[in-house]
Amino acid sequence: MYKKFEKADYENILKFISKDRVYYGEEITEDYCHDELGGAYGKPDIIIFVKSTEEVSAIMKYAYANNIPVVVRGSGTGLVGAAVALYNGIMICTTMMNNILELDEKNLTLTVEPGVLLLEINKYLEDKNLLYPPDPGEKSATIAGNISTNAGGMRAVKYGVTRDYVRELTLVLPNGEITKVGGKTVKDCSGYDLKNLICGSEGTLAIVTEAVLKLVPKPMHSISLLVPFDTLEGAIESVPSIIASRAIPTAIEFMERETILFAEEYNGKKFPDTSYPAYILMTFDGSTKAGVLADYEYVADLVLKELGAKDVFIVDTDERNEMVWTARGVFLEAIKGSTTEMDECDVVVPRDKVAAFIKYTYEVSEKYGVRMPSFGHAGDGNLHIYICKDELTDQAFKKVLEDVFNDLYNKAEEFGGKVSGEHGIGYAKREYLVRTLGVKHEIMKGIKKVFDEKNILNPDKVI
9 MYKKFEKADY
19 ENILKFISKD
29 RVYYGEEITE
39 DYCHDELGGA
49 YGKPDIIIFV
59 KSTEEVSAIM
69 KYAYANNIPV
79 VVRGSGTGLV
89 GAAVALYNGI
99 MICTTMMNNI
109 LELDEKNLTL
119 TVEPGVLLLE
129 INKYLEDKNL
139 LYPPDPGEKS
149 ATIAGNISTN
159 AGGMRAVKYG
169 VTRDYVRELT
179 LVLPNGEITK
189 VGGKTVKDCS
199 GYDLKNLICG
209 SEGTLAIVTE
219 AVLKLVPKPM
229 HSISLLVPFD
239 TLEGAIESVP
249 SIIASRAIPT
259 AIEFMERETI
269 LFAEEYNGKK
279 FPDTSYPAYI
289 LMTFDGSTKA
299 GVLADYEYVA
309 DLVLKELGAK
319 DVFIVDTDER
329 NEMVWTARGV
339 FLEAIKGSTT
349 EMDECDVVVP
359 RDKVAAFIKY
369 TYEVSEKYGV
379 RMPSFGHAGD
389 GNLHIYICKD
399 ELTDQAFKKV
409 LEDVFNDLYN
419 KAEEFGGKVS
429 GEHGIGYAKR
439 EYLVRTLGVK
449 HEIMKGIKKV
459 FDEKNILNPD
469 KVI
């Protein structure tokens, strides 16, 4: 199907890429053969750390001419095998393309290279009274990784997701051609929206080598509320009423006590309260202190008097804020540290179905005798459910995963939900996506073929 990568190919690539940025054969470590969860495995024949759009273009022209598969990798924080070289070949690593190129305060945009980390963007904007709103939990992911999965995160309730903050992309196509999609304009009705097609395509259509991001004025005031409930279902059932109220929180997260305790143990810091089975965590932000105060007081009154909350803890100091949000930020790693192996389901369902879906996960957990801790974004219906191996054998865990995923994805479809809310499809979830697409699968395959007729760019991912 593909040309086997040989020593001659390595030597040809060294003609236009510096040898100190190329790893070949035995020089390649296991770290580059899998992503964060390790559900997919593949060893690239060569890894090239690129520094420019022109270098990416030269590599793709060579790969295209010689029919060599290519996969692009950033920080490797993905969870679905999207950046794994299933067919060996070339891995392009963008972590050295990590420069912030321009802050345009008149148009409120920030131009960055693909390897810039989300935490670096946040740090750069910290003292400039500007905000890049998308807020995925993994702050060490690259911006191109966020774009490739259309990452959401905790502020999506109020601000939206990554796609909403991408104005322009510089792309290298599978044949090596360089092009731009989008622009700094606020509006654009000039033909098909190729920019938004690239967002969420998981590196299967083109390679992002530069991005112009939309910024907003930074809210000057922010406060969080931690609200305990007797049951997780009760906590989640309160969310539609909160969102329907006149005070829209920036973020609404749900969490169980078990997950909070994992986080406490993992990072060695106490959570403000762990005496209740379930919590929702809300943040309110705005330009005036009075406006933020009015919003959170209104919601605090609502949850206590009408929605069954047992208390309201105000997270109004830097110490408490760090305590709460640091814990929330390590939930994934904390659960991972509590078991021998795990896999994840990150379905998204309508908000009014979240409580019913979580209740269903308890039934599935009991049915198969497997531990399934969860947390997620109650405000946008995106759930993170982890299936833990614990003491199961490899064979038993493989069978449990198959059965559990079948049940969960079938229930999500029944509820009008989707396979993934923000972590993407990659290789691990492709089977479950394809079976829900119907005629849309053929449309997607047609789009892939137009972009990549030789199917060399991230093959066998997504569709």
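Residue numbers (this note's numbering): 9 to 471.
By construction, the Cβ of each residue, glycine as well, lies at the ideal position given by its N, Cα and C atoms.
Taking C-beta to C-beta, are residue i and residue j nearer than 8 Å?
i           : j           : result
residue 174 : residue 61  : no
residue 354 : residue 249 : no
residue 411 : residue 376 : yes
residue 171 : residue 208 : yes
residue 149 : residue 435 : no
residue 79  : residue 66  : no
residue 270 : residue 342 : yes
residue 84  : residue 53  : no
residue 220 : residue 117 : yes
residue 82  : residue 161 : no
residue 7   : residue 203 : Outside the modelled stretch of the chain, which goes from 9 to 471, sits residue 7, for which no answer is possible.
residue 86  : residue 103 : no
residue 264 : residue 381 : yes
residue 212 : residue 470 : yes
residue 339 : residue 383 : yes
residue 328 : residue 258 : no
residue 100 : residue 233 : no
residue 230 : residue 293 : yes
residue 393 : residue 416 : yes
residue 336 : residue 261 : yes
residue 141 : residue 159 : no
With a CB to CB cut of under 6 Å and the five nearest residues on each side skipped, what residues in its chain are close to residue i?
i           : result
residue 236 : 284, 287, 318, 319
residue 356 : 389, 390, 425, 426, 429
residue 345 : 274
residue 113 : none
residue 432 : 88, 90, 157, 210
residue 460 : 182
residue 45  : 87
residue 111 : 118
Apply the 10 Å Cβ neighbour rule to residue i and answer buried if 16 or more other Cβ atoms are within range, or exposed otherwise.
i           : result
residue 127 : exposed
residue 73  : exposed
residue 200 : exposed
residue 456 : buried
residue 246 : buried
residue 454 : exposed
residue 396 : buried
residue 447 : exposed
residue 24  : exposed
residue 227 : buried
residue 7   : With the chain running from 9 to 471 in the structure shown, residue 7 is simply not present.
residue 370 : exposed
residue 214 : buried
residue 298 : exposed
residue 20  : exposed
residue 130 : exposed
residue 37  : exposed
residue 63  : buried
residue 467 : buried
Put residue i into one of helix, strand or coil per three-state DSSP.
i           : result
residue 14  : coil
residue 197 : coil
residue 228 : coil
residue 329 : helix
residue 9   : coil
residue 4   : Because the chain spans 9 through 471 in this model, residue 4 falls outside it and cannot be assessed.
residue 22  : coil
residue 84  : coil
residue 399 : coil
residue 335 : helix
residue 267 : helix
residue 352 : strand
residue 240 : helix
residue 171 : helix
residue 64  : helix
residue 55  : strand
residue 404 : helix
residue 219 : strand
Could you name the residues of the same chain whose beta carbon sits closer than 8 Å to that of residue i, not counting the 5 residues immediately before and after it, in chain order?
i           : result
residue 306 : 253, 254, 255
residue 109 : 119, 120, 121, 218
residue 76  : 10, 11, 13, 17, 70, 97, 98, 464
residue 423 : 357, 358, 361, 364, 365
residue 310 : 249, 250, 253
What does a CB cutoff of less than 7 Å around residue i pick up in its chain, not counting 5 residues either side in sequence?
i           : result
residue 312 : 320
residue 421 : 444
residue 419 : 365, 368
Considering only residues of the region 100–163, which uninterrupted beta strand (DSSP E) runs meet the minimum length of 3 residues and lie entirely inside it, listed in chain order? If we require 3 residues or more, the beta strand (DSSP E) runs fully inside the region 100–163 come out as 108–112, 117–120.
Sequence ranges, alpha helix (DSSP H) only - wholly within the region 411–461, length at least 4: Taking only runs of at least 4 residues, the alpha helix (DSSP H) segments lying wholly in the region 411–461 are 438–445, 447–459.
Write down every uninterrupted run of the beta strand (DSSP E) in the region 270–333 whose length is 3 residues or greater and which is fully enclosed by it, in chain order. Taking 3 residues as the minimum length, the beta strand (DSSP E) runs contained wholly in the region 270–333 are 286–294, 321–323, in order along the chain.
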